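Here is the structure we will look at.
Protein chains: 2
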Amino acid sequence: MQIGILGSGLMGGKLGTLFARAGHEVVFSYSHSPRKLERLAAEAGSGASVGTPAEAVRQADAVLLAVHWSRVGDVLRRAGKLPGKVVLSCSLPMNRRDTELVVGRTSSGAERLARRIPRARLVAAFNTVPSEVLFDVFAARRRARRPSLVYCGDNAEAKRTAARLIREVGFEPVDAGPLKVARYAEPFALLVAQLAYEGKGGPELAYRFERFGG
Amino acid sequence: MQIGILGSGLMGGKLGTLFARAGHEVVFSYSHSPRKLERLAAEAGSGASVGTPAEAVRQADAVLLAVHWSRVGDVLRRAGKLPGKVVLSCSLPMNRRDTELVVGRTSSGAERLARRIPRARLVAAFNTVPSEVLFDVFAARRRARRPSLVYCGDNAEAKRTAARLIREVGFEPVDAGPLKVARYAEPFALLVAQLAYEGKGGPELAYRFERFGG
Numbered sequence: 466m467q468i469g470i471l472g473s474g475l476m477g478g479k480l481g482t483l484f485a486r487a488g489h490e491v492v493f494s495y496s497h498s499p500r501k502l503e504r505l506a507a508e509a510g511s512g513a514s515v516g517t518p519a520e521a522v523r524q525a526d527a528v529l530l531a532v533h534w535s536r537v538g539d540v541l542r543r544a545g546k547l548p549g550k551v552v553l554s555c556s557l558p559m560n561r562r563d564t565e566l567v568v569g570r571t572s573s574g575a576e577r578l579a580r581r582i583p584r585a586r587l588v589a590a591f592n593t594v595p596s597e598v599l600f601d602v603f604a605a606r607r608r609a610r611r612p613s614l615v616y617c618g619d620n621a622e623a624k625r626t627a628a629r630l631i632r633e634v635g636f637e638p639v640d641a642g643p644l645k646v647a648r649y650a651e652p653f654a655l656l657v658a659q660l661a662y663e664g665k666g667g668p669e670l671a672y673r674f675e676r677f678g679g
Numbered sequence: 466m467q468i469g470i471l472g473s474g475l476m477g478g479k480l481g482t483l484f485a486r487a488g489h490e491v492v493f494s495y496s497h498s499p500r501k502l503e504r505l506a507a508e509a510g511s512g513a514s515v516g517t518p519a520e521a522v523r524q525a526d527a528v529l530l531a532v533h534w535s536r537v538g539d540v541l542r543r544a545g546k547l548p549g550k551v552v553l554s555c556s557l558p559m560n561r562r563d564t565e566l567v568v569g570r571t572s573s574g575a576e577r578l579a580r581r582i583p584r585a586r587l588v589a590a591f592n593t594v595p596s597e598v599l600f601d602v603f604a605a606r607r608r609a610r611r612p613s614l615v616y617c618g619d620n621a622e623a624k625r626t627a628a629r630l631i632r633e634v635g636f637e638p639v640d641a642g643p644l645k646v647a648r649y650a651e652p653f654a655l656l657v658a659q660l661a662y663e664g665k666g667g668p669e670l671a672y673r674f675e676r677f678g679g
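Here the protein sequences come in this chain order: A and B. FYI, the numbering for the first sequence is 466 to 679, going by our numbering. FYI, the numbering for the second sequence is 466 to 679, going by our numbering.
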């Protein structure tokens, strides 16, 4: 395939390099530094080249949109029309300081709940896997690679209690940080539900976070 | 520990059972059916019993809140004060029909982008893992259990292209459904980012969805 890369930063640069190594013809475009584009293309190998956004798009079978959300309007103007083009976007709708989603939520069920029970010590947990998988995970708790279960909260002792219980029912507890991370964990729970109930296979779905490198 | 279960439905019933099997004293409460509570307690073993929400909470070292969001107010009124109590909540802020978050988002960056490029065929992909992990995953692409990468979109052919590229760079593509699932996948990306950049270990983080049972 011919693949046009719009935005050659961390994601676009690396993915374009991998696409080129997989044998595709890749055109890197849209960086503040033309020199960086040239270096990316040189390092990615013979299938890679440099162009303007319009050139990257013109012959492309697939276009990777990998710019910061604040640059989407600009790069699309430069790229021109995209009739029928397959566009893969990894641009998240973040504000300019990259601190939060601009198309987004400003609270969570967990934070609202915490305001209702201010004297309790709240941990949001157990809401990111379907109930159908619980007994299966418990039955498999001796195996080396346990599924993860994220939890979040603002009280350290309460979080230790949560982590202990999570471990006892067969998961590996993953501390996701303060309670406000529920703004991300709650939609994640719906993503898991979508995969569990609408995806292929039964609803017995769990997930595992894995670190590489290091 | 003594653990009070507020809401003995799918999640509360199963988790309470597992907590009891792990050796804790569990009090099941708050079901429309007293008979169901009795059966849960009987099946969970000698550490389990039945009570009112207030009884479930009174001696509890930890309280599991596992009711539908629409019942939170009612069960909290019945439970009484929770001073210093460790409360684990798995209640998601869903509407009564369980179709969407009530504390929530009604669009996504991907959907907004799709309206800007209506003639293109958009797939949201590659935005749920940090760029730092890409080369590691590619290097490990021969191993049996690849990390997952979710993608979503409304055009089948564009999604096949996305899945192919995802596979070529070392991930297992996971079709998360239509483009509007980006409402969940984008916050999930921020959850991953939170774990990658704020959690223990380096940012080379990936995830894998796994089915059990079946």
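Just so you know, even glycine gets a beta-carbon here, dropped at the ideal spot from N, CA and C. In this text, all values refer to a predicted model and were calculated from it rather than measured experimentally.
- For G618(B), the enclosing beta strand (DSSP E) begins and ends at S613 to G618.
- Contact note: A509(A) does not reach chain B at a C-beta cutoff of 8 Å; the least C-beta distance is about 12 Å.
- Uninterrupted alpha helix (DSSP H) stretches at least 4 residues long and entirely within the segment 575-613 of chain B occur at 599-604, given in chain order.
- Where A506(B) is concerned, the enclosing alpha helix (DSSP H) starts and stops at P499 to A509.
- Within the segment 469-480 of chain B, L475, M476, K479 and L480 place their CB atoms closer than 7 Å to a CB of chain A, listed in sequence order.
- For V552(A), the secondary structure class from DSSP, reduced to helix, strand or coil, is strand.
- Leaving aside the five residues that flank K550(A) on each side, the residues in its chain whose CB is nearer than 6 Å to its CB run, in chain order, V528.
- P638(B) has L614(B) as its beta-bridge partners, per DSSP.
- A straight-line Cα-Cα distance of about 45 Å links A575(B) and A509(B).
- When 9 Å is used as the limit between beta carbons, V492(B) is near no residue of chain A, the shortest such separation being about 15 Å.
- Taking C-alpha positions only, Y495(B) is separated from G472(B) by approximately 5 Å.
- As the crow flies, the alpha-carbon of R632(A) is around 22 Å from that of L505(B).
- Judged by DSSP secondary structure, A527(A) falls within the beta strand (DSSP E) whose first and last residues are A527 to L530.
- Under the Cβ distance rule, S498(B) does not count among the residues neighbouring chain A, no pair being separated by less than 8 Å.
- Distance from V615(B) to A650(B) at the Cβ level is roughly 6 Å; contact confirmed, criterion being Cβ atoms closer than 8 Å.
- Closest option to F591(B), judged by alpha-carbon separation, among A585(B), R581(B), V602(B) and R584(B): V602(B).
- In the structure shown, R673(B) falls within a strand segment according to DSSP collapsed to helix, strand and coil.
- Distances from the CA of E520(B) to each of E663(B), S535(B), R608(B) and R542(B) were compared; the closest alpha carbon is that of R542(B).
- Cβ atoms of E675(B) and P612(A) come within 8 Å of each other, at about 6 Å.
- By the criterion of at least three beta-carbon pairs nearer than 8 Å, the segment 652-662 of chain A is not in contact with the segment 480-500 of chain B.
- Per DSSP, the unbroken beta strand (DSSP E) holding V492(A) starts and ends at E490 to S494.
- Any Cβ of chain A closer than 8 Å to the Cβ of T517(B) would place that residue at the interface, and such an atom is absent.
- With respect to chain A, the C-beta atom of E503(B) has no partner C-beta closer than 8 Å.
- Taking C-alpha positions only, V594(B) is separated from A654(A) by approximately 17 Å.
- Close to chain A, meaning a Cβ-Cβ distance shorter than 7 Å, are the following residues of the segment 650-662 of chain B: A650, E651, P652, F653, A654, L655, L656, Q659 and L660.
- Rounded to the nearest whole angstrom, the CA to CA distance from A487(B) to G477(A) is 47 Å.
- Burial of P668(B) is indicated by the presence of at least 16 other C-beta atoms within 10 angstroms of its C-beta.
- For T626(B), the chain A residues whose Cβ falls inside 9 Å of its Cβ are M466, D526, A527, V551 and L553, in order along the chain.
- Collapsing the DSSP output to three states places V567(A) in coil.
- Contacts between S556(A) and chain B, judged by CB atoms closer than 8 Å, involve G574, L578 and N592 in chain order.
- In the DSSP assignment, M559(A) is bridged to L566(A).
- Spanning the alpha carbons of C555(A) and G481(A) requires a straight line of approximately 13 Å.
- For the pair H533(A) and A589(B), the Cα-to-Cα distance works out to about 14 Å.
- Neighbours of R584(A) in chain B, taken as residues whose beta carbon is under 9 Å from its own, are K546, L547, P548, G549 and K550 in chain order.
- Measuring C-alpha to C-alpha distances from G512(A) to each of A544(A), L530(A), P583(A) and F484(A) identifies F484(A) as the nearest.
- For D601(B), at least one C-beta of chain A is nearer than 8 Å to its own C-beta.
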